[in-house]
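Scroll down for the structure; my scribbles are underneath it.
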Amino acid sequence: MTRFAPSPTGYLHIGGARTALFNWLYARGRGGKFLLRIEDTDRERSTPEATAAILQGLRWLGLDWDGEAVSQFARAPRHAEVAHEMLARGRAYKCFATAAEIDAFREAEKAAGRYPVFQSPWRDADPASHPDAPYAIRMKAPRDGETLICDAVQGTVKVRNDQLDDMIVLRSDGTPVYMLAVVVDDHDMGVTHVIRGDDHLNNAARQQMVYDAMGWEVPVWAHIPLIHGPDGKKLSKRHGAVGLHEYQALGYPAQAMRNYLCRLGWAHGDAEFFGDAEAMEWFDLAGIGRAPARLDFKKLENLSGQHIAAMADAALLHELQAYLEAVGQPKLSPHQHDLMTRAMPSLKDRAKTFPELVEKAAFALASRPLVPDAKARAAMDAVSRGILNELTPRLRDASWEREALEAEVTQVAAGHGLGMGKIAAPLRAALSGRTVSPSVFDMMLVIGRDETLARLAEAAVWPETA
RNA sequence: GGCCCGUUCGUCUAUCGGUUAGGACACCAGGUUUUCAACCUGGGAAGAGGGGUUCGACUCCCCUACGGGCUGCCA
15 MTRFAPSPTG YLHIGGARTA LFNWLYARGR GGKFLLRIED TDRERSTPEA
65 TAAILQGLRW LGLDWDGEAV SQFARAPRHA EVAHEMLARG RAYKCFATAA
115 EIDAFREAEK AAGRYPVFQS PWRDADPASH PDAPYAIRMK APRDGETLIC
165 DAVQGTVKVR NDQLDDMIVL RSDGTPVYML AVVVDDHDMG VTHVIRGDDH
215 LNNAARQQMV YDAMGWEVPV WAHIPLIHGP DGKKLSKRHG AVGLHEYQAL
265 GYPAQAMRNY LCRLGWAHGD AEFFGDAEAM EWFDLAGIGR APARLDFKKL
315 ENLSGQHIAA MADAALLHEL QAYLEAVGQP KLSPHQHDLM TRAMPSLKDR
365 AKTFPELVEK AAFALASRPL VPDAKARAAM DAVSRGILNE LTPRLRDASW
415 EREALEAEVT QVAAGHGLGM GKIAAPLRAA LSGRTVSPSV FDMMLVIGRD
465 ETLARLAEAA VWPETA
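Each number in my numbering comes from the position in the first sequence (counting from 1) with 14 added on.
Next up, the structure:
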């Protein structure tokens, strides 16, 4: 049983997406469940928009979770209940210290050159001395010795208890603190493996104390390193895409994202290109690296191209439509969809991303009159026009198959003592309006005889360029 | 400041005391080719630095440097 527990304070971060993926792979690969919990206890910063963005991001990435997403805020009463239970068990106490008192204590400690761990005077106070004032519930944490975190990724990590204060579990306004809420929720939800960013590694020690205080079984910890930008610094907006939605907008197939993210900080021997089935079979916590990984867009792009080439046409078209919708472009019309289907075999080996796929399909999607770019127009010189005029009637009567078309073009070229290259250039220009396109024969086969002839006729009367 | 974690080609990584330190992406060169891409062949490229331990360290220990995290009545 694993879970992903994001705070809804913004879009889904690429690092969070990888954390979610790891949890998903681990659970799904072992017949376990993958749960989703929204940590929305910070009412100031949590927004429903952010929650929606996170769910949307996970759906796009293809990570399905079991059951309904749990709202942590909604479970506040249960958290408070546990806090009071800890009080009853003598594992926590009421602290009446005010913010000002705590600040003063910390300042004094710092000034004295000591580590500023607040030591509440109420820890062992006689309940009879309790004032009638608001209080927070603090955990009675051990003051010496050390807490051992057995982590599946980091190994055994020792944390000195004197570094940890008696953390507050229930605020003076009665609301639970994150550190308590996670533990209670993970326990209640039956989470057995906590896979999360290593920014929580130190927190695990305090959280483990809560498990101990309640007599609950501590889950398997797995703290994974964060993802860094290409320069090795903490990932931030200046590195480019940080939010998962940006990767969707960049036009990477979700499968490629999963593959790339999975390989980031984890490896299975020399395996580089693989799908979900292999990932689920191979993924394990022990294989996760301990050093932060950097994002490499070139590699992502390469992987993306490999996945596009390997995907089934129908699935590719379906995801392409979703991409177009996501970036606010008009979706393919039934007619365009049909053209794309026919063009796909000659297209998908050439495109690394969806925008590239669309770009390279321009010849098929374009409608007459074609607007040639300057280079295409230049390719259409007088000599070329002559050759094309000669070719046109032969194409009209040719059998519309690759070999036949190739034979016609080769013959015409040979008649002028030219190679294929010389005649392909103007042909390409006439058919696509560009100087870069898929193979001229692929294009003819996709758009068909009528369209081919129409485009040739049109190109024959393009205005001359000097 | 204190505590915790990390450091193998430019990047992601393999290695888990004995290897010519392997692969992938990227890069460079050549080939193929109707353009681009793809593809094929070849090439350069790494154990942060310093001490130990050991017959033998990228692998184990210590120190330094660098990077990251935590140190809240934030999550």
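Positions of the beta carbon are idealized from the N, C-alpha and C atoms, including for glycine.
Just so it is clear, the structure is predicted and the values come from calculations on it, not from any experiment.
DSSP state of residue i, grouped into three classes?
i, result
"residue 430", "coil"
"residue 35", "helix"
"residue 174", "strand"
"residue 307", "strand"
"residue 108", "strand"
"residue 75", "helix"
"residue 400", "helix"
"residue 132", "coil"
"residue 88", "helix"
"residue 379", "helix"
"residue 137", "coil"
"residue 476", "coil"
"residue 207", "strand"
"residue 157", "coil"
"residue 57", "coil"
"residue 189", "coil"
"residue 493", "Because the chain here runs from 15 to 480, residue 493 falls outside it and cannot be looked at."
Locate the alpha helix (DSSP H) running through residue i, then write down its first and last residues.
i, result
"residue 193", "192-203"
"residue 26", "Per DSSP, residue 26 belongs to no alpha helix (DSSP H) and is neither H nor E."
"residue 322", "311-324"
"residue 356", "348-361"
"residue 50", "Run containing residue 50: none in the alpha helix (DSSP H); it sits in the beta strand (DSSP E), 48-52."
"residue 372", "368-374"
"residue 299", "Unbroken run through residue 299: none, as it is neither H nor E."
"residue 119", "113-125"
"residue 330", "327-340"
"residue 277", "268-277"
"residue 389", "388-393"
Taking only the alpha-carbon atoms, compute the straight-line gap between residue i and residue j and give it to the nearest angstrom.
i, j, result
"residue 136", "residue 301", "46 Å"
"residue 370", "residue 247", "30 Å"
"residue 415", "residue 469", "18 Å"
"residue 462", "residue 336", "28 Å"
"residue 169", "residue 367", "39 Å"
"residue 362", "residue 443", "21 Å"
"residue 454", "residue 429", "19 Å"
"residue 219", "residue 355", "56 Å"
"residue 296", "residue 282", "7 Å"
"residue 23", "residue 216", "22 Å"
"residue 90", "residue 376", "55 Å"
"residue 209", "residue 40", "9 Å"
"residue 316", "residue 288", "13 Å"
"residue 163", "residue 172", "6 Å"
"residue 244", "residue 223", "37 Å"
"residue 79", "residue 167", "24 Å"
"residue 385", "residue 445", "11 Å"
Tell whether a beta-carbon distance below 7 Å holds between residue i and residue j.
i, j, result
"residue 194", "residue 94", "no"
"residue 42", "residue 294", "yes"
"residue 132", "residue 179", "yes"
"residue 345", "residue 353", "no"
"residue 268", "residue 74", "yes"
"residue 412", "residue 418", "yes"
"residue 175", "residue 200", "no"
"residue 192", "residue 154", "no"
"residue 299", "residue 393", "no"
"residue 378", "residue 460", "yes"
"residue 263", "residue 341", "yes"
"residue 258", "residue 71", "yes"
"residue 116", "residue 152", "no"
"residue 49", "residue 17", "yes"
"residue 307", "residue 238", "no"
"residue 233", "residue 186", "no"
"residue 270", "residue 100", "no"
"residue 334", "residue 274", "no"
"residue 395", "residue 448", "no"
"residue 348", "residue 472", "no"
How is the beta strand (DSSP E) around residue i delimited, first residue to last?
i, result
"residue 165", "160-165"
"residue 153", "150-153"
"residue 184", "182-184"
Should residue i be listed as close to the ligand NAP, given that the test is whether its C-beta is under 6 Å from any heavy atom?
i, result
"residue 239", "This structure lacks the ligand NAP, and indeed carries no ligand of any kind."
Those runs of the beta strand (DSSP E) which lie wholly inside the stretch 211-262 and span at least 3 residues: 234-238
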